[in-house]
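What follows is a set of notes on a single structure, which appears directly below.
Number of protein chains: 2
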Amino acid sequence: METRPASERTTIRRLPKRAAYDRAMIDAILDEALHCHLGFAVDGQPYVIPTIHARVADRVYVHGSAASRMLRTLAGAVPACLTVTLVDGLVLARSAFHHSMNYRSVVVLGTAQAVVEPAEKVAALHAIVEHVVPGRWDDVRPPNERELKATSVLCLPLTEASAKVRTGGPLDDEEDLGLPCWAGVLPFSAVPGAPVPDEHVAPGTPAPACVTGYRRPRYTA
Amino acid sequence: METRPASERTTIRRLPKRAAYDRAMIDAILDEALHCHLGFAVDGQPYVIPTIHARVADRVYVHGSAASRMLRTLAGAVPACLTVTLVDGLVLARSAFHHSMNYRSVVVLGTAQAVVEPAEKVAALHAIVEHVVPGRWDDVRPPNERELKATSVLCLPLTEASAKVRTGGPLDDEEDLGLPCWAGVLPFSAVPGAPVPDEHVAPGTPAPACVTGYRRPRYTA
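Right, dumping it as structure tokens:
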């Protein structure tokens, strides 16, 4: 795995063997995660708010109501942190201490900027819809002027980003290996269920392929 | 749904109809979520780090290496924010603008305190293991003195907490209801796969019931 810390602030100190600074890995984790958690501070109090994001090349976009405190705060060029986490499995060791999780996470530090140029704003909203449901944008009514005005879009550059990844089984102490308990990994993944049409869909109307064949993108090294 | 904002800071301003301050709801979301995202600031830069939590009565515990920057920073009585989010479904509307997600999230604001009393520390670690895999603690070797010393445990009181919940189908504009596209909800959930024993488990050893029958707790109002 390529190792290239982008900055002193994004150098992973704790368990550095789990660190990755490879952009392909970072991009894949950002793209697979349905949502992120955005951190910002107001009067010294940190807030961590879940929201939807989308990556386009070297930028991550988030959006929200133009009236939202989070969007208004972040548009003020304050330091922000955008984090995504995918839980891949529960790691069951023979000791309580060595229990762990397999996960892939990305932390992006930076200063968000408001996207005001109309074409970039629409492109960002397109990316956000397609991030959540690939193939959906072309099936639906695009935003009108009023909706665009009511929506704020921010972008965060991917210049300071790092990934942290844990894979594999438990790392038990040698002297615990003889204990009689089962140990291993219980894989975990977020999966779609059966689509539920709303009451205005005519009975018998099939759901589109982007719904029936829904899957998250997966990174293959 | 009972409405009882715990403080001015935890009063939900954006889409207040999605807000809940009911402790039973808050507890259920905290208990179902496998992990949380912890926010804290270092030199004015917010950091949002995924970690495992567990609730015991009116407190949420987190743990980590005594050497971790996050744990050392938070033990210094700085303002923190602990957020958990469960994604329940993707909401597909007839317009790009009205796309949404069904989710349940909890935000806890407060100041973390280091847990130093040995009995409370072990009780917190017990709660964390049982939070992730209910029924696991009694099967494994408990922490020894060295492990307890290497582990920091922090607690955050549940005095300033709020939940935000979205459920149901898309809320399309009246004039879009005639559009020909499918609309509805694609439910999403995190589910366990088949357990993978490690190489030290004797072939044919069955996984325990806490693994084979694994499920997250669910809130039933």
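From first to last, the protein sequence lines are chains L and U.
Under numbering that gives the first Met the number 0, the residue at position 10 of the first sequence is numbered 9, and the numbers go up by one with no gaps.
Under numbering that gives the first Met the number 0, the residue at position 198 of the second sequence is numbered 197, and the numbers go up by one with no gaps.
Built from N, CA and C at the ideal position, the CB exists for glycine as well.
query: Counting only beta-carbon atoms, is L:I25 nearer than 8 Å to chain U?; result: no
query: Give every residue of the same chain whose Cβ lies closer than 6 Å to the Cβ of L:V61, excluding the five residues on either side of it in the sequence, and list them in chain order.; result: T50, H52 and L153
query: Are the C-beta of L:P221 and some C-beta of chain U separated by less than 8 Å?; result: The requested residue 221 of chain L does not occur in the structure, where chain L is confined to residues 0 to 220.
query: Count the CB pairs spanning the region 22 to 31 of chain U and the region 111 to 121 of chain U that are closer than 8 Å, and state whether there are at least three.; result: no
query: Let me confirm a value: L:K120 is counted as buried when at least 16 other C-beta atoms fall within 10 Å, else exposed. Which label applies?; result: buried
query: Could you check whether the region 189 to 200 of chain L touches the region 178 to 198 of chain U, counting it as contact only if at least three pairs of C-beta atoms, one from each stretch, sit closer than 8 Å?; result: yes
query: Taking contact to mean 3 or more Cβ pairs, one atom from each stretch, closer than 8 Å, check whether the region 85 to 96 of chain U and the region 125 to 144 of chain L are in contact.; result: yes
query: In chain L, what lies closer than 7 Å to U:E146 by C-beta?; result: F96
query: Mapping DSSP to helix, strand and coil, what is L:R68?; result: helix
query: Kindly indicate if chain L contains any beta-carbon less than 8 Å away from that of U:I28.; result: no
query: Specify the secondary structure class of L:D172 as computed by DSSP and reduced to three states.; result: coil
query: At a CB-CB cut-off below 8 Å, which residues of chain U make contact with L:R93?; result: V139 and R140
query: Going by beta carbon distance, what residues of the same chain come within less than 8 Å of U:R8, once the five residues before and after it are set aside?; result: L108 and E159
query: L:T44 versus chain U: which residues are under 8 Å apart at the beta carbon?; result: Just to set this straight, residue 44 of chain L is Gln in the shown sequence, not Thr. Chain U residues near L:Q44: R8, P78, C80 and L108.
query: So, is the C-beta of L:H199 closer than 8 Å to a C-beta in chain U?; result: yes
query: Excluding the 5 residues preceding and the 5 following L:A40 in the sequence, name in chain order all residues of the same chain whose CB lies nearer than 8 Å to its CB.; result: Y46, V77 and P78
query: Given U:V131, which residues of its chain have a CB within under 7 Å of its CB, disregarding the five upstream and five downstream residues?; result: L33 and I51
query: Could you tell me whether the Cβ atoms of L:S151 and L:I11 are closer together than 8 Å?; result: no
query: Would a check of beta-carbon distances place L:G38 closer than 8 Å to chain U?; result: yes
query: Please confirm if U:H34 has its CB atom under 8 Å from at least one CB of chain L.; result: yes
query: Since L:K163 sits in a beta bridge, which residues does DSSP pair it with?; result: L:A18 and L:S104
query: Hey, U:V182 and L:H199 are a contact pair by Cβ (cut 8 Å); roughly how many whole angstroms apart?; result: Note that residue 182 of chain U corresponds to Ala in the displayed sequence, not to Val. Confirmed, Cβ separation roughly 7 Å.
query: Can L:L155 and L:V83 be called in contact, C-beta distance under 8 Å?; result: no
query: Should U:A208 be labelled buried (16 or more other beta-carbon atoms within 10 Å of its own) or exposed?; result: exposed
query: Determine the DSSP secondary structure at L:T211, reduced to helix, strand or coil.; result: helix
query: May I have the straight-line CA-CA distance separating L:R71 from L:L81, to the nearest angstrom?; result: 16 Å
query: Which residues mark the beginning and the end of the beta strand (DSSP E) in which U:P156 is found?; result: T150 to P156
query: At what residues does the alpha helix (DSSP H) containing L:H130 begin and finish?; result: P117 to V131
query: Using a threshold of 8 Å, state whether the C-beta atoms of L:V90 and L:S99 are closer than that.; result: yes
query: Can you tell me which of the three DSSP states U:M0 falls into?; result: Annotation note: pLDDT 36 at U:M0 (below 50); position unreliable, coordinate value reported separately. Residue state, collapsed to three classes: coil.
query: Hey, L:P196 and L:T211: beta-carbon distance below 8 Å or not?; result: no
query: Over what stretch of residues does the beta strand (DSSP E) that includes U:R54 continue unbroken?; result: H52 to V55
query: Compare the Cα-Cα distances from L:A122 to each of L:V55, L:L14 and L:G203 and report the closest residue.; result: L:V55
query: Please decide whether L:C154 counts as near chain U, where near means a Cβ-Cβ distance under 8 Å.; result: no
query: Short check: CB of U:L124 to CB of U:D57, under 8 Å?; result: no
query: From the DSSP output, in three-state form, read off L:D42 for me.; result: coil
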